[in-house]
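Sequential numbering from 5 applies to the sequence shown in this note's numbering. Glycine included, every Cβ here is placed at the ideal spot set by N, Cα and C. First up is the structure itself, then whatever we jot down about it.
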Amino acid sequence: MRRILISTAIAIPLVILLAVGGLFVYEEILHPDRVGHNVTAEGVDLSGLSTPDAVAKIAAYEVRLVAAPASFIVDGEDVVLDPAAAGLSIDEDAVVADALSQRRSGGFWSDLGGWLRSWQTPVAIPIPTSVDEEMIETVLVEWDRSVVDHPAYEGAVLIESGAAVPEYPRPGALIDRPSAYAVIARSLATFERLPAALPLTDLSPTLTDDDIDEAVALANAYIGDPVTLWLEGMDQRMTFTTAELTSALRSEIVVHSPPEIVVELDEDTLLDLALADASRFEVLPVDASFEFDKDTQQVTINESKSGWVVDVDAVPAVVEKAALETGAARLPMKPGEQPELTTEMAEAMGPFEEVSTFTTYHPCCQSRVTNIQLLADTIDGSIVMPGEIFSINDTAGKRTTAKGYVRAGAIINGEVQCCDSPINIGGGTSQFATTFYNAIFFGCYEDIEHKPHSLYFSRYPYVREATLGFPWPDVKFRNDSAAPVFIDTSHTGGSITVTFYGNNGGRTCTAERSGDTVTRVMTHPDGTVTTQSWTWHYKEPKPKDPPTTTTTHATTTTTQAVTTTTAGTTTTTAGTTTTTAGTTTTTAGTTTTTAAP
Numbered sequence: 005m006r007r008i009l010i011s012t013a014i015a016i017p018l019v020i021l022l023a024v025g026g027l028f029v030y031e032e033i034l035h036p037d038r039v040g041h042n043v044t045a046e047g048v049d050l051s052g053l054s055t056p057d058a059v060a061k062i063a064a065y066e067v068r069l070v071a072a073p074a075s076f077i078v079d080g081e082d083v084v085l086d087p088a089a090a091g092l093s094i095d096e097d098a099v100v101a102d103a104l105s106q107r108r109s110g111g112f113w114s115d116l117g118g119w120l121r122s123w124q125t126p127v128a129i130p131i132p133t134s135v136d137e138e139m140i141e142t143v144l145v146e147w148d149r150s151v152v153d154h155p156a157y158e159g160a161v162l163i164e165s166g167a168a169v170p171e172y173p174r175p176g177a178l179i180d181r182p183s184a185y186a187v188i189a190r191s192l193a194t195f196e197r198l199p200a201a202l203p204l205t206d207l208s209p210t211l212t213d214d215d216i217d218e219a220v221a222l223a224n225a226y227i228g229d230p231v232t233l234w235l236e237g238m239d240q241r242m243t244f245t246t247a248e249l250t251s252a253l254r255s256e257i258v259v260h261s262p263p264e265i266v267v268e269l270d271e272d273t274l275l276d277l278a279l280a281d282a283s284r285f286e287v288l289p290v291d292a293s294f295e296f297d298k299d300t301q302q303v304t305i306n307e308s309k310s311g312w313v314v315d316v317d318a319v320p321a322v323v324e325k326a327a328l329e330t331g332a333a334r335l336p337m338k339p340g341e342q343p344e345l346t347t348e349m350a351e352a353m354g355p356f357e358e359v360s361t362f363t364t365y366h367p368c369c370q371s372r373v374t375n376i377q378l379l380a381d382t383i384d385g386s387i388v389m390p391g392e393i394f395s396i397n398d399t400a401g402k403r404t405t406a407k408g409y410v411r412a413g414a415i416i417n418g419e420v421q422c423c424d425s426p427i428n429i430g431g432g433t434s435q436f437a438t439t440f441y442n443a444i445f446f447g448c449y450e451d452i453e454h455k456p457h458s459l460y461f462s463r464y465p466y467v468r469e470a471t472l473g474f475p476w477p478d479v480k481f482r483n484d485s486a487a488p489v490f491i492d493t494s495h496t497g498g499s500i501t502v503t504f505y506g507n508n509g510g511r512t513c514t515a516e517r518s519g520d521t522v523t524r525v526m527t528h529p530d531g532t533v534t535t536q537s538w539t540w541h542y543k544e545p546k547p548k549d550p551p552t553t554t555t556t557h558a559t560t561t562t563t564q565a566v567t568t569t570t571a572g573t574t575t576t577t578a579g580t581t582t583t584t585a586g587t588t589t590t591t592a593g594t595t596t597t598t599a600a601p
């Protein structure tokens with residue numbers, strides 16, 4: 005019996021020891037990822053929780069802590085801070101790791117002792133919190149502005165009576181940053197958030213009185229005197245008055261490290277002022293032009309010039325610089341429109357040389373000679389640009405006594421009469437028209453309008469001649485070359501000459517006649533030939549000429565009938581026109597013509 009009692013006495017403690025040991029092994033050896041007994045964190049019971057569960061419990065604590073607003077006192081006013089705006093956060097993993105390490109030193113007996121004590125002695129660990137100082141700074145800046153409202157004043161430049169004057173810096177106050185960070189961090193760390201006062205500190209301005217004085221001096225340099233911009237060759241000036249400069253003056257405190265006061269002239273204001281005045285200074289482009297020297301028979305090209313406009317975008321910088329120096333500067337310009345005819349284009353039209361010349365003769369010293377020479381002098385020196393149509397009547401206008409024209413014989417109602425009719429004023433100028441027309445003919449230029457006389461005069465080439473009246477008949481031609489035509493006229497007591505200078509592209513023209521038909525044979529530089537024929541029937545019998553026959557092989561054939569149009573009191577009965585290849589035959593009807601023979 006004693007043996008049984010002894011065995012029982014030994015067995016019971018052994019069982020208890022084994023049970024305790026087994027529990028220790030289970031909790032501490034086999035499950036080290038569970039928090040030990042009686043461990044809390046800021047009142048949150050973590051006992052026996054697995055690591056994920058413990059982390060979740062601390063995270064829930066963080067949510068409650070961030071959701072609870074905190075109150076503070078700033079310059080006597082209550083303000084509320086949302087903890088999320090301060091970046092309040094908890095490192096849950098670190099808290100749980102701290103909880104897991106409690107009573108676990110790594111030694112068996114030490115850990116066993118700590119485990120045994122955990123059944124009787126609780127362990128409370130803190131939950132550290134952290135805040136974001138940059139986020140808190142954003143909040144403090146807003147409270148400085150909206151609550152404290154005593155920032156340091158950095159000074160300014162003011163305008164009084166047209167002059168810059170100083171407004172000097174003044175000290176202010178703001179929330180003391182180091183103290184505020186500490187107070188806010190302590191308050192947000194717990195749920196016991198009684199209103200805490202945030203201390204203020206004095207705030208001195210960064211700028212000094214000397215800084216403001218320098219800015220005022222600069223401002224007065226900008227606006228003290230007007231600024232004038234000039235341009236070579238122009239009397240006009242672009243002027244910026246002191247009032248306009250004052251309207252453009254800007255001063256600003258630029259906040260960086262360190263703050264500074266910036267004084268300048270506003271670019272947009274100066275641009276608007278310049279734009280309003282820029283058109284006065286626009287320089288229009290000048291085309292290249294030509295001059296013909298009668299004595300040397302040489303062509304001079306006057307160079308083209310580009311247009312210029314004000315470089316408005318560059319004006320503000322020029323004005324600002326000039327305001328600080330002499331008050332005057334060159335007006336900035338930039339290229340504008342370009343000439344339609346450049347010097348290079350004009351030079352490419354050459355070489356310029358004699359293209360054609362024609363002379364007719366007359367007795368000396370008659371009144372009609374006065375008219376011929378006056379008209380020649382009027383036409384002399386004319387320049388016909390490529391593509392232009394030249395008209396004797398458009399250039400010379402009506403022949404009148406006021407211009408120096410005199411009365412002379414003219415064809416009136418089919419007869420040469422002199423000199424009671426107004427039509428006789430300028431009589432005889434058809435000789436110039438005939439001379440001019442032949443220069444057109446042999447210059448190979450396009451015949452636009454001409455009309456032979458109704459009567460034949462032996463001093464003119466048969467059919468290849470032209471009468472003249474105002475406003476009709478007229479002599480017109482188109483400059484169908486790529487170069488200008490320079491018209492040179494000259495005369496003696498017994499002759500009139502018209503010479504064309506230019507570059508007709510290498511064309512040459514000759515005349516062939518068959519009866520009442522005259523043909524212009526035009527040979528082109530590539531060897532091709534074109535012909536153009538005119539047929540005219542005079543009212544009087546023509547001289548007996550030996551018959552001629554012309555055969556032409558033309559690559560291109562252009563035909564043109566002469567338009568029968570007369571000036572003054574003219575009655576025309578339409579004739580008939582028959583056209584065959586290369587030849588146009590016009591049979592005139594009954595015509596009453598007023599013209600200068």
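Does the beta-carbon distance from V303 to Y449 come in below 8 Å? Position 299 of the sequence shown, counted from the start, is the residue given in the question as residue 303. Position 445 of the sequence shown, counted from the start, is the residue given in the question as residue 449. No, the pair does not count as a contact, with Cβ atoms beyond the cut-off.
In chain order, which continuous runs of the beta strand (DSSP E) of length 3 or greater are located wholly inside the region 278–312? Counting only runs of 3 or more residues that sit fully inside the region 278–312, the beta strand (DSSP E) segments are 293–297 and 302–306, in chain order.
Could you check where the alpha helix (DSSP H) with P182 kicks off and where it finishes? Indexing the sequence shown from 1 puts residue 182 at position 178. From DSSP, the alpha helix (DSSP H) with P182 extends over R181 to L192.
Cut-off 8 Å between Cβ atoms - residues of its own chain near G354, not counting five sequence neighbours on either side: Your numbering for residue 354 matches position 350 in the sequence shown. Once the five neighbours on either side are set aside, the close Cβ partners of G354 are V303, A487 and N507.
Along the chain, where does the beta strand (DSSP E) containing W538 start, and where does it finish? As a working note, residue 538 is residue 534 in the sequence shown. Following the DSSP letters along the chain, one finds W538 inside the beta strand (DSSP E) bounded by residues V533 to T539.
Do the region 135–150 and the region 54–64 touch if we need at least three Cβ pairs shorter than 8 Å? The region 135–150, when compared against the region 54–64, does not touch it at the 8 Å Cβ threshold.
Helix, strand or coil, according to DSSP, for D492 in the structure here? Within the sequence shown, the letter at position 488 stands for residue 492. Three-state result, D492: strand.
Of all the alpha helix (DSSP H) runs that stay within the bounds of the region 370–419, which reach a length of 4 or more residues? Within the region 370–419, the alpha helix (DSSP H) runs of at least 4 residues that lie entirely inside it are, in chain order, 371–383 and 396–400.
Secondary structure at V267, three-state DSSP: helix, strand or coil? As a position in the sequence shown, residue 267 is number 263, starting the count at 1. Note: V267 maps to strand in three-state DSSP.
Roughly how far, in whole angstroms, is the beta-carbon of S75 from the beta-carbon of R197, given that I think they are within contact range, below 8 Å? As a first step, residue 75 must be located in the sequence shown, where it is residue number 71. As a first step, residue 197 must be located in the sequence shown, where it is residue number 193. Their Cβ separation, rounded to whole angstroms, is 6 Å, which keeps S75 and R197 in contact under 8 Å.
Any contact of the region 383–395 with the region 454–468, i.e. 3+ C-beta pairs under 8 Å? Counting Cβ pairs under 8 Å, fewer than three are found: no touch.
Under a three-way DSSP split, which group does A72 fall into? By one-based count along the sequence shown, residue 72 stands at place 68. Reduced to three states, the DSSP call for A72 is coil.
Contacting residues, own chain, Cβ-Cβ under 7 Å from P320 (five flanking each side not counted): Walking along the sequence shown from the start, residue 320 turns up at place 316. Cβ neighbours of P320 within its own chain (closer than 7 Å, five residues either side excluded): L269, E271, L274 and L275.
Ordered along the chain, which non-local residues of its own chain (more than five positions away) have a Cβ less than 8 Å from that of P263? Within the sequence shown, the letter at position 259 stands for residue 263. Spatial neighbours of P263 in its own chain (CB-CB distance under 8 Å, excluding positions within 5 residues in sequence) are listed in chain order as E158, T210, L211 and I257.
In this structure, does DSSP put K61 in helix, strand or coil? Start at 1 with the first residue of the sequence shown, and residue 61 comes out as number 57. In the displayed model, K61 falls within a helix according to three-state DSSP.
Is V145 helix, strand or coil when you go by DSSP? Sequence index remark: in the sequence shown, residue 145 carries index 141 (1-based). Residue state, collapsed to three classes: helix.
C-alpha gap between N375 and Q435, whole angstroms: Sequence index remark: in the sequence shown, residue 375 carries index 371 (1-based). Sequence index remark: in the sequence shown, residue 435 carries index 431 (1-based). Rounded to the nearest angstrom, the two C-alpha atoms are 10 Å apart.
Taking the DSSP output, what are the residues bridged to L459? Locating residue 459 in the sequence shown gives position 455, where the first residue counts as 1. As far as DSSP is concerned, L459 takes part in no beta bridge.
According to DSSP, M337 sits in a beta bridge with which residue or residues? Position 333 of the sequence shown, counted from the first residue, corresponds to residue 337. According to DSSP, M337 bridges with V314.
Residue interval of the beta strand (DSSP E) (run including L345): As a position in the sequence shown, residue 345 is number 341, starting the count at 1. According to the DSSP assignment, L345 belongs to no beta strand (DSSP E), since it is labelled neither H nor E.
Let me check understanding here. Comparing Cα to Cα, which of I216, T501, T55 and D95 lies closest to H366? As a position in the sequence shown, residue 366 is number 362, starting the count at 1. Checked all of I216, T501, T55 and D95; the closest Cα to H366 is T501.
Same chain, Cβ closer than 6 Å to V99, five either side skipped, listed in chain order: Your numbering for residue 99 matches position 95 in the sequence shown. The beta carbon of V99 lies closer than 6 Å to those of A45, I62 and I131 in the same chain, with the five residues before and after it left out.
So L178 and L207 are in contact, right, with Cβ under 8 Å, and what is the actual spacing, rounded? Taking the sequence shown and counting its residues from 1, the one referred to as residue 178 is at position 174. Taking the sequence shown and counting its residues from 1, the one referred to as residue 207 is at position 203. Rounded to the nearest angstrom, the Cβ distance from L178 to L207 is 5 Å, consistent with a contact under 8 Å.
Once you ignore the five residues that flank T405 on each side, which residues in its own chain have a CB closer than 7 Å to its CB? Here residue 405 refers to the residue found at position 401 when the sequence shown is read from its first residue. If we look at T405 and ignore the five residues flanking it on each side, its Cβ neighbours are I429.
Please determine if the region 477–492 and the region 512–521 are in contact, where contact requires at least 3 C-beta pairs separated by less than 8 Å. Three or more beta-carbon pairs separated by less than 8 Å are not found between the region 477–492 and the region 512–521, which leaves the two stretches without contact.
8 Å contact criterion, which K543 and F474 should meet: CB distance rounded: To locate residue 543, count along the sequence shown from 1; it is residue 539. To locate residue 474, count along the sequence shown from 1; it is residue 470. That pair is no contact at about 22 Å.
Say the cut is 7 Å; is the CB of I376 nearer than that to a heavy atom of the ligand FAD? This structure simply doesn't include the ligand FAD, nor any ligand for that matter.
First and last residue of the beta strand (DSSP E) that includes L92? Taking the sequence shown and counting its residues from 1, the one referred to as residue 92 is at position 88. Under the DSSP assignment, L92 falls outside any beta strand (DSSP E); it carries neither an H nor an E label.
Rounded to the nearest angstrom, what separates L345 and E351 at their Cα positions? Position 341 of the sequence shown, counted from the start, is the residue given in the question as residue 345. Position 347 of the sequence shown, counted from the start, is the residue given in the question as residue 351. Rounded to whole angstroms, L345 to E351 spans 10 Å at the Cα level.
Proximity below 8 Å, CB of V267 to CB of A223: Here residue 267 is taken as the residue at index 263 of the sequence shown, counted from 1. Here residue 223 is taken as the residue at index 219 of the sequence shown, counted from 1. Going by beta carbons, V267 and A223 fall inside the 8 Å limit.
Can you check the region 221–259 for any alpha helix (DSSP H) of at least 4 residues that lies completely inside it and give the ranges in chain order? Counting only runs of 4 or more, we get 246–252.
Tell me the DSSP bridge mates of S360? Locating residue 360 in the sequence shown gives position 356, counting from the first residue. Among the bridge pairs identified by DSSP, S360 is matched with F504.
Let me make sure I understand the geometry here. Which of D520, D530 and V525 has the alpha-carbon closest to that of T539? Numbered from its first residue, the sequence shown carries residue 539 at position 535. When only C-alpha atoms are compared, the closest one is D520.
Do A293 and V161 have their C-beta atoms closer together than 8 Å? Residue numbering aside, residue 293 sits at position 289 when the sequence shown is read from its first letter. Residue numbering aside, residue 161 sits at position 157 when the sequence shown is read from its first letter. Residue 293 is actually Ser in this sequence, not Ala. For S293 and V161, no; Cβs fall outside 8 Å.
In the DSSP assignment, find the alpha helix (DSSP H) that holds L328 and state where it starts and stops. In the sequence shown, residue 328 corresponds to position 324, counting from 1. Run containing L328: V319 to L328, per the alpha helix (DSSP H) assignment.
Through-space distance from A71 to P170, alpha-carbon basis: On the sequence shown, position 166 is the one that residue 170 refers to. On the sequence shown, position 67 is the one that residue 71 refers to. Cα to Cα, the separation comes out at about 50 Å.
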